[in-house]
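Residue numbers (the UniProt record's numbering): 1 to 304.
Data block below; observations after.
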Amino acid sequence: MYLRQFKVFLVAAERESFTQAAKELYLTQPAVSFQIQALEDFFGAKLFKRTGRKVELTDAGDALLPYARKIIEAMEESKKAIEQVGAAKTGKLVVGASTTIGIYILPPLIAIYRSKYPQTIISIRVENTEGIEEALLRKDIDFGLIEGFVKSSYVKREKFRDDELVLIVPAHHPWPDVIELSDLMIEPLILREEGSGTRMVLEGALMEKSLSISDLNVNMVLGNTEAIKHAVAAGLGVSFVSKCTIGKELALGLLRIVRVRGFNVMRELFIIRRENEELSPYAERILRFLNKPTPIETPFSSTE
Numbered sequence: 001m002y003l004r005q006f007k008v009f010l011v012a013a014e015r016e017s018f019t020q021a022a023k024e025l026y027l028t029q030p031a032v033s034f035q036i037q038a039l040e041d042f043f044g045a046k047l048f049k050r051t052g053r054k055v056e057l058t059d060a061g062d063a064l065l066p067y068a069r070k071i072i073e074a075m076e077e078s079k080k081a082i083e084q085v086g087a088a089k090t091g092k093l094v095v096g097a098s099t100t101i102g103i104y105i106l107p108p109l110i111a112i113y114r115s116k117y118p119q120t121i122i123s124i125r126v127e128n129t130e131g132i133e134e135a136l137l138r139k140d141i142d143f144g145l146i147e148g149f150v151k152s153s154y155v156k157r158e159k160f161r162d163d164e165l166v167l168i169v170p171a172h173h174p175w176p177d178v179i180e181l182s183d184l185m186i187e188p189l190i191l192r193e194e195g196s197g198t199r200m201v202l203e204g205a206l207m208e209k210s211l212s213i214s215d216l217n218v219n220m221v222l223g224n225t226e227a228i229k230h231a232v233a234a235g236l237g238v239s240f241v242s243k244c245t246i247g248k249e250l251a252l253g254l255l256r257i258v259r260v261r262g263f264n265v266m267r268e269l270f271i272i273r274r275e276n277e278e279l280s281p282y283a284e285r286i287l288r289f290l291n292k293p294t295p296i297e298t299p300f301s302s303t304e
C-alpha cells in the first residue's frame, strides 16, 4: 500500500538521510531505498538527489511533500474515526440531569438511543441544577443536562432545546383561561427549592417585570415537580412547571393551564461539560444524538 511508501518518503525528507529513516522506521536501508524507488516509479519522477552523505528533495519531491503529509494525516484521522465508531457502541456512561430533564425529557431519548446502541450502559444521575454542576466539577458525571445557569468558569454550556414553564391550577379553579399578573400575586403559590433550574428561570422572568419572589404569595416550597403537581391538584396553591411534565394530569382532568397576560416564561435547556476536556467516544456519540431535534413522545403528550 502506498501509505507506507509515503511514510518512508516523509521521514527520509525530514531526516535528509535514508540511513536515519531506516533506523527510525525499523527497516533496512535497502528496504527504504526500495520504497522510495516504488514511489518514484509511480510518479515517474526522481524525488531525491544525493549530496554527499545526505539526500535532498528534488523539485518533484518538494512538490510532493505537503501532499504526503496530508495523505498520512487523513489516513490517521480516518483510522481514529473508525475506531471511535466501534468504541462508541460499547462502554459505560454517567449522565447528570436536573430534575425536569432527568425525569421527563431524558428517559424517552435514552430509550431511542439504546435501541440503536444496546451495548452502551447509561446511568442517569438526577439532582437540581446546582447539584449537577457540582457533580460535573467533581468528575462524578461525564456531562450534564440542566435547566438553569452555571456559576463556574470551568464549565462549558451549550443549548440543548427550548422549554416552556406554564402556570398550573386545579381543574376546577375559578380563574379564567387568561389572567393578569396582579391576580397571580395574591394567589397562594407553590415553588421549587432554591438552586433548582425552574426557580432560577422564574426568578429571571419576574426580574424582567421588576418583581421578585418576595412580591408573590409563596405558601409552600417543594423539592420536585411530582410533589408540586399533587399539591396543586389538592388545591394547596398554584405553580409554574415545565409544560412537558403535565401531559398525564391534563389528559385525566386533574390540572389545567392558565395563561398570564404578558408573562410568558420560556427557557433554554443546556448541555454542560468540563471546559477544555475531551469526552470519551461514546459520550461524544450520545451528545451528537441528543443535539438532533428528536421529538419526545410519551403516552400522555402535553396538550392544552
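For glycine and all other residues, C-beta sits at the position ideal for the given N, C-alpha and C.
Because the structure is a prediction, the values reported are computed rather than measured.
Simplified DSSP assignment, three categories, for I141: If DSSP states are grouped into helix, strand and coil, I141 belongs with coil.
Beta strand (DSSP E) segment containing D163, residue limits: Per DSSP, D163 belongs to the beta strand (DSSP E) from 155-170.
Given a cut-off of 8 Å, decide if T120 and S196 are closer than it, judged by their beta-carbon atoms. No, Cβ-Cβ distance for S196 and T120 is not below 8 Å.
From the DSSP output, in three-state form, read off L27 for me. In the structure shown, L27 sits in coil (DSSP, three-state: anything other than H, G, I, E or B).
So, at 7 Å on beta carbons, what are the nonlocal neighbours of T19 in its own chain, with the 5 sequence-adjacent residues on each side left out? Cβ-Cβ distances below 7 Å link T19 to Q29 in the same chain, with the five nearest sequence neighbours on each side left out; the list follows chain order.
Taking its Cβ as the centre, do 16 or more other Cβ atoms sit within 10 Å of A283, making it buried, or is it exposed? Flag for A283 reads buried.
Using a Cβ distance threshold of 8 Å, determine whether the stretch 103-121 contacts the stretch 173-183, with at least three qualifying pairs required. The stretch 103-121 vs the stretch 173-183: no contact.
Please report how far the alpha carbon of L145 lies from the alpha carbon of F6, in whole angstroms. Rounded to whole angstroms, L145 to F6 spans 45 Å at the Cα level.
Candidates L269, R53, R274, I168: which alpha carbon is nearest R138's? Measuring from the Cα of R138, the nearest candidate turns out to be R274.
If you reduce the DSSP assignment to three classes, tell me which class I257 lands in. Per DSSP, reduced to three states, the secondary structure at I257 is strand.
Give, in chain order, every unbroken run of the alpha helix (DSSP H) that is at least 4 residues long and sits entirely within the UniProt domain "HTH lysR-type" (1-58). Runs of the alpha helix (DSSP H) spanning 4 or more residues and lying entirely within the UniProt domain "HTH lysR-type" (1-58) occur at 2-15, 18-24, 29-43, in chain order.
Bridge partner(s) assigned by DSSP for G96: Bridge partners of G96: R125, G144.
Min CB distance L181 to chain B below 8 Å: No chain B is part of this structure, which consists of one protein chain only.
Using 10 angstroms around the beta-carbon of G61, count the other beta-carbons present and answer buried if the total reaches 16, otherwise exposed. Classification for G61: buried.
Taking its Cβ as the centre, do 16 or more other Cβ atoms sit within 10 Å of E56, making it buried, or is it exposed? Classified as exposed, E56 has fewer than 16 neighbouring CB atoms from the shown chains inside 10 Å of its CB.
Can we say the stretch 231-238 touches the stretch 192-211, given the rule of at least three CB pairs closer than 8 Å? Under the 8 Å Cβ criterion, the stretch 231-238 does not count as touching the stretch 192-211, having fewer than three qualifying pairs.
Counting only the same chain and skipping the five closest in sequence on each side, list residues whose C-beta sits under 7 Å from that of V11. Sequence-distant Cβ neighbours of V11 in its own chain, meaning closer than 7 Å and more than five residues away, are A21, E24, L25.
Mind checking I186: buried by the 16 CB within 10 Å criterion, or exposed? By the Cβ neighbour-count rule, I186 is exposed, with fewer than 16 other Cβ atoms within 10 Å of its own.
Got a sec? Which residues, its chain only, sit under 7 Å from Y67 by beta carbon, not counting five neighbours each side? No residues qualify anywhere along the chain.
Indicate the three-state DSSP secondary structure (helix, strand or coil) for V150 in the structure shown. DSSP places V150 in coil when its eight states are reduced to three.
Rounded to the nearest angstrom, how far is the Cβ of I213 from that of E203, given a contact under 8 Å? Indeed they touch by this definition, with Cβ atoms about 6 Å apart.
Excluding sequence positions up to five away, which residues of its chain have a Cβ less than 8 Å from the Cβ of residue 306? Residue 306 is absent from the model: the chain starts at 1 and stops at 304.
Sequence ranges, beta strand (DSSP E) only - wholly within the stretch 168-225, length at least 3: Qualifying beta strand (DSSP E) stretches, in chain order: 189-192, 218-222.
Below 6 Å CB to CB, which residues in the same chain sit around P188 once its five sequence neighbours on both sides are set aside? The residues are N217, N219, G237.
CB of D162 within 8 Å of CB of M266, strictly: A contact, by the Cβ cut-off of 8 Å.
From the DSSP output, read off the bridge partner residues of I103. Note: I103 is not bridge-paired with any residue in the DSSP secondary-structure output.
Exposure of F42, with buried meaning 16 or more beta-carbon neighbours within 10 Å: F42 comes out exposed.
Throw me the rounded Cβ distance for the V241 and T225 pair, which I believe falls under 8 Å. Separation of the CB atoms of V241 and T225 is rounded to 5 Å, and the pair is thereby assigned contact status at 8 Å.
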